[in-house]
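There are 2 protein chains.
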Amino acid sequence: MGLVVQKYGGSSVADAEGIKRVAKRIVEAKKNGNQVVVVVSAMGDTTDELIDLAEQVSPMPAGREFDMLLTAGERISMALLAMAIKNLGHEAQSFTGSQAGVITDSVHNKARIIDVTPGRIRTALDEGNIAIVAGFQGVSQDKKDITTLGRGGSDTTAVALAAALDAEVCEIYTDVDGVFTADPRVVKKARKIDWISFEDMLELASSGSKVLLHRCVEYARRYNIPIHVRSSFSGLQGTWVSSEPIGDKKVEQAIISGVAHDTSEAKITVVGVPDKPGEAAAIFRTIADAEVNIDMVVQNVSAASTGLTDISFTLPKTEGRKAIDALEKNRPGIGFDSLRYDDQIGKISLVGAGMKTNPGVTAAFFEALSDAGVNIELISTSEIRISVVTRADDVPEAVRAVHTAFGLDSDSDEAVVYGGTGR
Amino acid sequence: MGLVVQKYGGSSVADAEGIKRVAKRIVEAKKNGNQVVVVVSAMGDTTDELIDLAEQVSPMPAGREFDMLLTAGERISMALLAMAIKNLGHEAQSFTGSQAGVITDSVHNKARIIDVTPGRIRTALDEGNIAIVAGFQGVSQDKKDITTLGRGGSDTTAVALAAALDAEVCEIYTDVDGVFTADPRVVKKARKIDWISFEDMLELASSGSKVLLHRCVEYARRYNIPIHVRSSFSGLQGTWVSSEPIGDKKVEQAIISGVAHDTSEAKITVVGVPDKPGEAAAIFRTIADAEVNIDMVVQNVSAASTGLTDISFTLPKTEGRKAIDALEKNRPGIGFDSLRYDDQIGKISLVGAGMKTNPGVTAAFFEALSDAGVNIELISTSEIRISVVTRADDVPEAVRAVHTAFGLDSDSDEAVVYGGTGR
Chain A
1 MGLVVQKYGG
11 SSVADAEGIK
21 RVAKRIVEAK
31 KNGNQVVVVV
41 SAMGDTTDEL
51 IDLAEQVSPM
61 PAGREFDMLL
71 TAGERISMAL
81 LAMAIKNLGH
91 EAQSFTGSQA
101 GVITDSVHNK
111 ARIIDVTPGR
121 IRTALDEGNI
131 AIVAGFQGVS
141 QDKKDITTLG
151 RGGSDTTAVA
161 LAAALDAEVC
171 EIYTDVDGVF
181 TADPRVVKKA
191 RKIDWISFED
201 MLELASSGSK
211 VLLHRCVEYA
221 RRYNIPIHVR
231 SSFSGLQGTW
241 VSSEPIGDKK
251 VEQAIISGVA
261 HDTSEAKITV
271 VGVPDKPGEA
281 AAIFRTIADA
291 EVNIDMVVQN
301 VSAASTGLTD
311 ISFTLPKTEG
321 RKAIDALEKN
331 RPGIGFDSLR
341 YDDQIGKISL
351 VGAGMKTNPG
361 VTAAFFEALS
371 DAGVNIELIS
381 TSEIRISVVT
391 RADDVPEAVR
401 AVHTAFGLDS
411 DSDEAVVYGG
421 TGR
Chain B
1 MGLVVQKYGG
11 SSVADAEGIK
21 RVAKRIVEAK
31 KNGNQVVVVV
41 SAMGDTTDEL
51 IDLAEQVSPM
61 PAGREFDMLL
71 TAGERISMAL
81 LAMAIKNLGH
91 EAQSFTGSQA
101 GVITDSVHNK
111 ARIIDVTPGR
121 IRTALDEGNI
131 AIVAGFQGVS
141 QDKKDITTLG
151 RGGSDTTAVA
161 LAAALDAEVC
171 EIYTDVDGVF
181 TADPRVVKKA
191 RKIDWISFED
201 MLELASSGSK
211 VLLHRCVEYA
221 RRYNIPIHVR
231 SSFSGLQGTW
241 VSSEPIGDKK
251 VEQAIISGVA
261 HDTSEAKITV
271 VGVPDKPGEA
281 AAIFRTIADA
291 EVNIDMVVQN
301 VSAASTGLTD
311 ISFTLPKTEG
321 RKAIDALEKN
331 RPGIGFDSLR
341 YDDQIGKISL
351 VGAGMKTNPG
361 VTAAFFEALS
371 DAGVNIELIS
381 TSEIRISVVT
391 RADDVPEAVR
401 AVHTAFGLDS
411 DSDEAVVYGG
421 TGR
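So the sequence lines, in the order shown, correspond to chains A and B. Residue 1 is where the first sequence starts when you use the UniProt record's numbering, and the numbers rise one by one after that. Residue 1 is where the second sequence starts when you use the UniProt record's numbering, and the numbers rise one by one after that.
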């Protein structure tokens, strides 16, 4: 008998009908001979409504209390889901994150899981129950306070439980059919990916793909837990994310997995930085001390005549104010002329392990952008990804052009061969 | 420094404004030099909304999951209240029933508190925090499952915590000014009671007064915790419930504390019962086995000619069906002619320890009812209470008549003297 962990997002359990539909699907998995653990998010807009209430009573809600508040959402959905399953004649028990043994650090609102001790879940399964677990929440190791895991936390809960219980698969149910070669809202011809490696999925996630968060995929890779991303509204196979294709699936790794884009970032350019050792370090120490996460970094070639250079980096728009303030405050220590802030940028990324061994991918990428008349402002690469920053307005057209150029459109032949030498 | 436990009901924290108003009041108590523990109910209609959701997914929600669901309500209100207090510049921490050490038995939906181990509350207080505790909930001793205490459970939580923490007073904040000599919706001239003994309060509570539940008063009496029932909307003194009048209050015990009424009961008459030993036992064993709680019991004098008698008893209307079914099922074993069910009855009770020593109270009570043209169907008495059953339609007039006759009206002189000998 296999052990399956299923995770259902808020849109899948938005109302009583949704909960009943999900309950039927869970019972199917149980009837198929599996032990079933279900991780569930808060219903639909519940979390937003709770946040709204918090803002009405306090402009700066304290972390501990904010977590206590938000975790009420999953408590409601998991209890209702357990009731709905029992109403179908099957045994189910719901567990809070704390009861399920999800132990975290004490960083409220974005706690990290440091251990999972699912003794009560194991007992419930052994007694023939379906176990329903509240996603997104845990209990802190030192203070025994309720914590939340931050954005996408329910996916992480599911993968962490799957790892602790040595599950065969972690099924992530959502409102889309799987991971696509590009955002289907932008690229009509985007194709559902049948299988993708952890590495490519990690790059897609950190490049703007919203289906799975980086943190959840990273956890799954570390413990080698296959993820199956699929729709809770259909019975279709979705996208498998794993180290190797699963079972008898003869899926060959695509050269290019997909095109991701992201318009949530801004660019800061530090102008007139003396080109001497320690300058970049001073800038990024300032940013790090302000607890701002940065993404791409580019340093221009220094102008010989002045001995000054410019350093640009991208960061979430939401952290722009904080970064600017920190830099301005430390301007005397760092030494620069001025700051430029630009939040009208977009990032397009091409991801695929195949680019390691297929020369010419980079050239073809830039040609596609050039043919579409898209100007490139910054470039950054990893072994299996190329990213460029463009004007935000150019993003949709750029994504479509690249998607077509690499033969990813659903009506094109698959194989695309690249000439040239090296990337 | 004194320790005060305050309890706020759902109507006091119905929205963000209510929560902010309550937060100010709590901070006042803290500023007055007290250690403050606050027990809070779910906001306004939250519990009803959750029950409605449960009914949508399952006609018979399981006890364990139902409790898990309902406890989300207090989790929301307590976290918001803690945030609102912190926003006023004071430290506050919220605790679930489980975190607060409220240990119960495993009877879901109406668990009983069997122990309170408020170690975390004590620590929070010692560190200068205001402690906010979820009312109505606990954790079962054996299975560590979340439980709820049933109707009025938050009051019981407050009194139990007050006892465990050896508080000076348990303040119950509600939407009325205190306990009245009669229901002010029925008797316009009803008077707020300044002080009432535990015993009289217990009788009022079991006779239909809704302000405090019997269970909560019983707990307070056992541990001798003074209760102060008052309005969260005004700064007025409310009603003190304690063994003796508190502090320098020279309040004399009234002869009559008040008039309670109850129209939530029905009457079942078992007609044609053989008048021999064991018959009543058979009837009430049947009722007890069906887990139906009964109130008044009256057996008529047997008719000599037939050797048959009638037995009548009252019970909550909500349990009428269950009792009738159980009796019909056991009719062969018990032996009776027929059952009569009457849900158009009402009960009027006069409560006051003074009736023990003031002869004539019973006579005056019956005279008042007679003068008002109210027919009496059943009578039951305790040492400090007389109750009668009448037609439901007669109840308002009967309550007003008795209230006036015993000098309880707010514009009458207080002292009323009764003549006659004995009750």
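In this text, a Cβ means the ideal position worked out from N, Cα and C, and glycines have one as well.
Below-7 Å beta-carbon distance, B:Leu80 vs any chain A residue: The beta-carbon of B:Leu80 is placed less than 7 Å from the nearest beta-carbon of chain A.
How many angstroms separate the CA atom of A:Ala363 from the CA atom of A:Met355? Cα to Cα, the separation comes out at about 11 Å.
Enclosing beta strand (DSSP E) for A:Gly119 [first to last residue]: That residue, A:Gly119, is in no beta strand (DSSP E); its alpha helix (DSSP H) goes Gly119 to Asp126.
Mind checking if A:Arg75 is an interface residue toward chain B, Cβ cutoff 7 Å exclusive? Look at A:Arg75: its C-beta is under 7 Å from a C-beta on chain B.
Taking only beta carbons into account, state which residues of the stretch 216-246 of chain B come closer than 9 Å to chain A, listed in chain order. Per Cβ criterion, the list is empty.
Is the number of C-beta pairs between the stretch 194-208 of chain A and the stretch 134-142 of chain A that are closer than 8 Å three or more? With the cut-off at 8 Å, the stretch 194-208 of chain A and the stretch 134-142 of chain A do not touch.
Span of the beta strand (DSSP E), counted from its first residue to its last, around A:Lys267: Taken as a continuous stretch (DSSP letters only), the beta strand (DSSP E) holding A:Lys267 covers Glu265 to Pro274.
Is A:Ser41 close to chain B, meaning its C-beta is less than 7 Å from at least one C-beta of that chain? Not flagged as an interface residue toward chain B: A:Ser41, since no C-beta distance is shorter than 7 Å.
For B:His228, list the residues DSSP reports as bridge partners. Within the DSSP bridge table, the entry for B:His228 names B:Glu171 and B:Trp240 as partners.
Should A:Val4 go down as buried or exposed, given a rule of 16 or more other Cβ atoms within 10 Å for buried? For A:Val4, the number of other beta carbons within 10 angstroms of its own is at least 16, and it is reported as buried.
A:Pro59: first and last residue of the uninterrupted alpha helix (DSSP H) it sits in: Here A:Pro59 belongs to no alpha helix (DSSP H), and DSSP marks it neither H nor E.
A:Leu88 CB to nearest chain B CB: under 7 Å? With a threshold of 7 Å between beta carbons, A:Leu88 makes no contact with chain B.
With 7 Å as the threshold, decide whether the Cβ of B:Ile268 is near any Cβ in chain A. No, because no Cβ of chain A sits closer than 7 Å to the Cβ of B:Ile268.
For A:Val211, which three-state DSSP category applies? Residue state for A:Val211 is assigned as coil, using DSSP reduced to three classes.
Within the 7 Å Cβ cut-off, does B:Ala84 reach chain A? Yes, B:Ala84 lies at the interface with chain A (some Cβ there is under 7 Å from its Cβ).
Just the Cα atoms here: how many angstroms apart are A:Glu328 and A:Gln299? Linking A:Glu328 to A:Gln299 through their CA atoms gives a straight-line distance of about 19 Å.
At 7 Å on the CB atoms, spell out the chain A contacts of B:Ala54, in chain order. Near B:Ala54 (Cβ distances below 7 Å), the residues of chain A are Leu80 and Met83.
Taking 8 Å as the cut-off, does the stretch 50-58 of chain A touch the stretch 73-89 of chain B (at least 3 CB pairs, one atom from each stretch)? By the C-beta criterion, the stretch 73-89 of chain B is judged to be in contact with the stretch 50-58 of chain A, since at least 3 inter-stretch pairs fall below 8 Å.
Taking the alpha-carbon positions, what's the B:Thr314 to B:Arg222 distance? Going from the Cα of B:Thr314 to the Cα of B:Arg222 covers about 28 Å.
Quick check for students: name the residue ranges of the beta strand (DSSP E) that lie wholly in the stretch 141-191 of chain B, counting only runs of 3 or more. List check, beta strand (DSSP E) in window: 146-148 and 169-174.
Which of helix, strand or coil DSSP assigns to A:Ile334: Of the three classes helix, strand and coil, the one that applies to A:Ile334 here is helix, per DSSP.
For A:Ser387, which option in A:His261, A:Glu279 and A:Ile334 has the closest C-alpha, if you only look at C-alpha atoms? A:Ser387 has its Cα closest to that of A:His261, out of A:His261, A:Glu279 and A:Ile334.
What in chain B is Cβ-close to A:Glu265, meaning under 7 Å? Listed by position along chain B, the residues whose Cβ is nearer than 7 Å to that of A:Glu265 form an empty set, because the closest Cβ is around 31 Å away.
By DSSP, does B:Phe284 sit in helix, in strand, or in coil? B:Phe284 falls in the helix class under three-state DSSP.
Following the continuous alpha helix (DSSP H) through B:Ser77, name the residue where it begins and the one where it ends. Segment Ala72 to Asn87, the alpha helix (DSSP H) holding B:Ser77.
Just checking: is the beta-carbon of B:Met68 within a distance shorter than 7 Å of some beta-carbon in chain A? Yes, because at least one Cβ of chain A sits closer than 7 Å to the Cβ of B:Met68.
Given that a residue counts as buried once 16 or more other Cβ atoms are within 10 Å of its Cβ, and exposed if not, what is B:Ala415? Bear in mind that a pLDDT of 43 at B:Ala415, under 50, signals an unreliable position, so the model cannot answer this.
Contacting positions in the stretch 111-130 of chain A - beta carbon closer than 9 Å to chain B: Using a CB distance below 9 Å, the part of the stretch 111-130 of chain A facing chain B consists of Arg120, ordered along the chain.
Taking the alpha-carbon of A:Ala92 as reference, which of A:Ile287, A:Ile121, A:Met68 and A:Thr71 has the nearest alpha-carbon? For the residues A:Ile287, A:Ile121, A:Met68 and A:Thr71, the minimum Cα distance to A:Ala92 belongs to A:Ile121.
Distance, Cα to Cα, A:Val38 vs B:Gly150? Distance between the alpha carbons of A:Val38 and B:Gly150 is about 29 Å.
Alpha carbon to alpha carbon, how far is A:Ile384 from A:Thr263? Give it in angstroms, no decimals. Taking the CA atoms as reference points, A:Thr263 sits about 21 Å from A:Ile384.
Can you name, in chain order, every residue of its own chain whose Cβ lies under 7 Å from the Cβ of A:Gly63, other than the five neighbours on each side? Contacts found: His108 and Asn109.
So, under 8 Å CB-CB, B:Glu340 and B:Thr269 are touching, yes? Tell me the CB distance rounded to an integer number of Å. With the sequence shown as reference, residue 340 of chain B is identified as Arg, and Glu is not the correct amino acid for it. Rounded, the Cβ-Cβ distance is 4 Å, consistent with contact.
Does any C-beta atom of chain A lie closer than 7 Å to the C-beta of B:Ile103? Not one chain A Cβ lies under 7 Å of B:Ile103.
Under 7 Å by beta carbon: chain A residues contacting B:Ala62: Those within 7 Å of B:Ala62 in chain A are Met83 and Lys86.
Local conformation of A:Thr357 per DSSP, three classes: Looking at A:Thr357 - three-state DSSP - the assignment turns out to be coil, as it is neither helix nor strand.
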